[in-house]
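The structure under discussion appears below in the form of structure tokens.
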Amino acid sequence: MLANFGWTGVELFFVLSGFLIGSQLLEPASRGEAPSLKRFYLRRSLRILPPYLIVVALYLFIPAWSERPVETPAWRFLTFTQNFGLRLNGFSHAWSLCVEEHFYLVLPLTVLALRGRVRAPHLLAGAVGLMVAGMLLRGGLWQRHFSLLGPGDAGWRGYDTLLYYPTYARLDGLTCGVLLAALRVFRPAAWERWTRGARAGGLALVGLVCLGGVFWMNEEHFRNLAHTMLAFPMTSLGYAALLMAMAGPTASRVCARIPGARTFAVLSFTVYLTHKAVQHGVRVSLEPYGMDAFHPVTLLGGAVAVLLASLALHHGVERPSLKWRSRLETRLVPEPSPQPAALVDTSTMAR
């Protein structure tokens, strides 16, 4: 049951990304400035591409590294189009990074185009319209391709390809995150009221109710029409409510004291890139000794191996590229105007 709920973690990632990246782009707009595309794309490129390209090379040139045979052509990895028409194979989990890259392309241009022209009701209506359009699109595709299938039919193998991996199916979390960013940036007093005291507790309850509904749907109606249309927006709204509830100063201080939380946050991207291949390698190594995938030694060994691999990639590739990025920023991109003291700086959070 818990494993079946694990897919929602990707939606949490999209909500967080929408919030952090949206904040970076909207803060200049709140001061009447245009966000610097040069700065934004420089930061994103040197944050993501160096470790990503190293791992792509491992998958393409060292077959023993991969958890499955790699069927995706190299150009799909390099153009971040892997998530369209994707079937499960080696490094298939990079589909979510493809969605993220499409978000990086569209959101800055959207902010530039709408800056100073859109009021809060228009923004809210547009976000709701986008999520409703996604629900209707998923529902229409389900009716066309899956409505006549019975349990166990081979046709269900195309469900993820059509309704889980593509960008058009995964805009709910990013949309909710950007809405939270807009509220924090343009209505800081309202944001502060809703992230403190009883209101924060109410938001946490709303979030848990939404996620509880998705958990129930996973067990009772997984991949039927209602689940296909409602699970993504309900999950996104649930995690958005929890994020807002935990963004207050008290909850933030508690989270910051959790042992290892900061370290894991720093390593999260390299863990994401390496975890499947490394865990597969550990399982294959221990199988001859009678230890299956769920043996305690296999689970612990896999966790330790992923940590070591992510540390190596972080210190060997990611950290040097971030230092290089800082030097390039200083030379090529003018420093942005100081941010208002009332706004929390998210630039380091979304490194």
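Numbering of the sequence shown is given in the UniProt record's numbering, commencing with residue 1 and proceeding in unit increments.
We treat Cβ as the ideally placed atom computed from N, Cα and C, and that holds for glycine.
To the nearest angstrom, how far is the alpha carbon of His280 from that of Ser66?
8 Å
Distance, Cα to Cα, Thr348 vs His93? At Thr348, the pLDDT of 37 sits below 50, so the modelled position is not reliable and the matter cannot be decided from this model.
query = So the alpha helix (DSSP H) Gln82 belongs to, where does it begin and stop?
reply = No alpha helix (DSSP H) contains Gln82, which DSSP labels as neither H nor E.
Q) Around the C-beta of Val56, are 16 or more other C-beta atoms found within 10 angstroms, so that it is buried, or is it exposed? A) buried
task = With residue 361 as the anchor, note down where its alpha helix (DSSP H) starts and where it stops.
result = Not covered by the structure: residue 361. The range shown for the chain is 1 to 351.
Look up Met244 in the DSSP assignment and say whether it is helix, strand or coil. helix
*asked:* For a cutoff of 8 Å on Cβ pairs, would you count Ser236 as touching chain B?
replied: Considering every chain present, this structure includes no chain B. It has just one protein chain.
Taking the alpha helix (DSSP H) that Asp160 falls in, what are its first and last residues? 159 to 163
message: Taking the straight line between their C-alpha atoms, what separation do you get for Leu311 and Gly150?
response: 46 Å
Exercise. In the structure shown, what three-state DSSP assignment does Phe146 receive?
Worked result: coil
Query raised in the report: Going by C-alpha distance, which of Gly301, Thr167, Phe269 is nearest Arg319?
Result: Phe269
- Distance, Gly177 Cα to Met135 Cα: 18 Å
Would you be able to state if there are at least three C-beta pairs under 8 Å between the region 93 to 110 and the region 183 to 202?
-> no
Q: Report back the beta-carbon spacing between Met234 and Gly213 to the nearest angstrom; my notes put them in contact at under 8 Å.
A: 6 Å
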